[in-house]
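What the sequence shown shows, in the working numbering, is residues 1 to 380, in sequence order.
Scroll down for the structure; my scribbles are underneath it.
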Amino acid sequence: MTLLDRYIFRSVLLTCAGAVGLLSFLFVLVSALKDLLGYILAGQIALATVAKLLLLLLPATMPFVLAPGVLTGVLLTLGRLSADSEITAMRTAGLSLPRIARPVFIFAVLGVAAGLYVNFVAMPYGRVTYEEGLRDAVRTKALSFIVPKTFVKSFPNAVVYAGDRQGDLLHDVWVWTLDDDQRVSLFIHAQSGRISYDEEKNTIEARLEQAQPEWRNGAEAGDFSKVVEGHAEIFPLTFSLDKVFSGDHSFHRKLMWMTFDELQDERTRLADQHVAPAEARDHARDIMKVQLTVSEKANFALAVLSFALIGVPLGIKVSRRETSANLGVAVLIAGGWYFFTIMIGWLDQHPEYHPDLLLWLPNLICLGLGLWLFQRLDRR
Numbered sequence: 001m002t003l004l005d006r007y008i009f010r011s012v013l014l015t016c017a018g019a020v021g022l023l024s025f026l027f028v029l030v031s032a033l034k035d036l037l038g039y040i041l042a043g044q045i046a047l048a049t050v051a052k053l054l055l056l057l058l059p060a061t062m063p064f065v066l067a068p069g070v071l072t073g074v075l076l077t078l079g080r081l082s083a084d085s086e087i088t089a090m091r092t093a094g095l096s097l098p099r100i101a102r103p104v105f106i107f108a109v110l111g112v113a114a115g116l117y118v119n120f121v122a123m124p125y126g127r128v129t130y131e132e133g134l135r136d137a138v139r140t141k142a143l144s145f146i147v148p149k150t151f152v153k154s155f156p157n158a159v160v161y162a163g164d165r166q167g168d169l170l171h172d173v174w175v176w177t178l179d180d181d182q183r184v185s186l187f188i189h190a191q192s193g194r195i196s197y198d199e200e201k202n203t204i205e206a207r208l209e210q211a212q213p214e215w216r217n218g219a220e221a222g223d224f225s226k227v228v229e230g231h232a233e234i235f236p237l238t239f240s241l242d243k244v245f246s247g248d249h250s251f252h253r254k255l256m257w258m259t260f261d262e263l264q265d266e267r268t269r270l271a272d273q274h275v276a277p278a279e280a281r282d283h284a285r286d287i288m289k290v291q292l293t294v295s296e297k298a299n300f301a302l303a304v305l306s307f308a309l310i311g312v313p314l315g316i317k318v319s320r321r322e323t324s325a326n327l328g329v330a331v332l333i334a335g336g337w338y339f340f341t342i343m344i345g346w347l348d349q350h351p352e353y354h355p356d357l358l359l360w361l362p363n364l365i366c367l368g369l370g371l372w373l374f375q376r377l378d379r380r
C-alpha cells in the first residue's frame, strides 16, 4: 500500500470501528435490559458474571451491526475527505475514482471475510456460551427466585409472595396454585417456611409451617361458601424451575446459533429422514429453514461489501460536513435492506418460492445500485 492508501484505509478503519462499536453497545444494552435486568435486580447474578455475559453477547450483535457500521464509517470518512477538498486534490493529481476507493474496497473485502467468520463461528460460540453461562449463573442461585415483598410468577401455575426472607427461611408466606384455566385451586397462607433447591429434580422444595390452606373447586372458584379450609403444622410444596431453565443445562438451540458445519449436519440429517407423504411439506419447510439460515448468514457478511460500494459514491458526493445527512442516508439504506431481507425470510413456510435464493436479491440490488452510482460519479 502507498502512503495515500494507508491514510484512507486507517481513516475508514477507525471510523467504522467507532460506528460498529456504538451500534454493538446499543444492541448489547437492549439485550441486557431484556434478558439480565430482572436477574440483576433480584440479586441472582453477580456483576462480574454480567460483564462476562455481555462480552459473550458481543459477537451475537455483529451480523446486525457490521454492515451498517461499515456503511456509516465509509460515508463519514469520505464525506469528510470530500468536504476538506482532499478528494478533489486527489483527482486533480490524476487519480481515478477506483484508485482512490481501492483501500475502501480492500477494507470491505476483509470485512466480508470477518463477517463470515463471525456469523458461522464466533457468533454461534458466543451465543451458546452466553445461554449456558446465564443458566449456570441462575442455577447456582436458584433460591433467589423467591424475592421478598414481590409476587413471584416464575413458576408454572403458581404465584408466591413472601413478606420477608432470611437465607432459606421465609416469613409471612402466601401461595396461590392455579389450574389450567389460571383459576385459583389452592390458596395457602403460612407464618413461615423453609426452602431448598433439589438439583436432580430442578425444583424448589418448600416446607410451610403453621399453614392455613384453602382448597377451591375450579368450576366454583368464585363460590366461597364451598371453600374447604384446613390447617397443617407442616405443608410441603414443590415449585418447578423447568420454565426458567432446564435441569440438565440443555436448551433449544436455534438455527442461527449453529456453525456452518452444524448447519450442514442438520441439513444432511433432515434430508436422510424418510417421512410419510402427509408430512412431506413440513419436512421440506424444515430443510428450507436450514438452507435459509445459511443464506442469511452469508448475506449478512456480503452486505459489508454491498454497503461499502454504495457508501463510496454517496460519501464523495457530500461536499459539506453534515454528519446527520450521512447518518440519515446510512439508516435509510440499511433499513431498506433489512426490511426486504426480513420480508423474504417470511417465505420460509413456502419452499416452492426458493426464499434461500431470493435472499440474495437485496444484496444484488445494492451491488447494482452501488456500481451504477460509482460509474456515474467516475464519469464526471
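We put the beta carbon where it would ideally sit given N, CA and C, even for glycine.
Check, Outcome
"Beta strand (DSSP E) segment containing residue 238, residue limits", "232-240"
"Beta-carbon separation (whole angstroms), residue 306 vs residue 370, contact threshold 8 Å", "7 Å"
"Burial state of residue 39 (16 or more Cβ within 10 Å)", "buried"
"Distance, residue 129 Cα to residue 82 Cα", "44 Å"
"Rounded straight-line distance, which links the Cα of residue 341 to that of residue 364", "12 Å"
"Whether residue 173 touches residue 208 by CB criterion (8 Å)", "yes"
"Nearest-angstrom Cα separation, counted from residue 148 out to residue 192", "13 Å"
"Buried/exposed call for residue 115, threshold 16 Cβ in 10 Å", "buried"
"Inter-residue Cα distance where the pair is residue 200 and residue 59", "33 Å"
"Identified DSSP bridge partners for residue 169", "166 and 194"
"As assigned by DSSP and simplified to three states, the class of residue 435", "Residue 435 lies beyond the stretch modelled for the chain, which goes from 1 to 380, so this question has no answer here."
"Contact set for residue 286: own chain, Cβ-Cβ below 6 Å, skip 5 residues either direction", "270"
"Pair within 8 Å by beta-carbon distance, residue 87 and residue 100", "yes"
"Reference residue 135; option with closest CA among 255, 49 and 232", "49"
"The stretch 61-76 contacting the stretch 10-23, beta-carbon criterion three pairs below 8 Å", "yes"
"Beta-carbon proximity list for residue 45, same chain, < 6 Å, skipping 5 on both sides", "39 and 137"
"Length of the line joining the Cα atoms of residue 361 and residue 62", "21 Å"
"Status (buried if at least 16 other CB within 10 Å, exposed otherwise) for residue 234", "exposed"
"For residue 41 and residue 221, the rounded distance between their alpha carbons", "Per-residue confidence for residue 221 stands at a pLDDT of 49, beneath the threshold of 50, marking its modelled position as unreliable; the derived number appears in the next sentence. About 35 Å."
"Collapsed DSSP secondary structure at residue 148 in the structure displayed", "coil"
"Reduced DSSP category for residue 316 - H, G, I as helix; E, B as strand; rest coil", "helix"
"Environment of residue 85 [buried if 16+ CB atoms lie within 10 Å]", "exposed"
"The stretch 259-278 / the stretch 290-297 touching (three or more Cβ pairs under 8 Å)", "yes"
"Close Cβ partners of residue 146 (< 8 Å) along its chain, the five nearest in sequence each way excluded", "152, 160, 162, 165, 170, 195 and 204"
"DSSP-derived helix/strand/coil call for residue 331", "helix"
"Range of the contiguous alpha helix (DSSP H) that encloses residue 269", "260-271"
"Residue of 104, 211, 111 and 302 minimising C-alpha distance to residue 5", "104"
"Which of helix, strand or coil DSSP assigns to residue 187", "strand"
"Distance, residue 254 Cα to residue 74 Cα", "33 Å"
"Beta-carbon contacts of residue 89 that lie in its chain and below 6 Å, excluding the five residues immediately before and after", "none"
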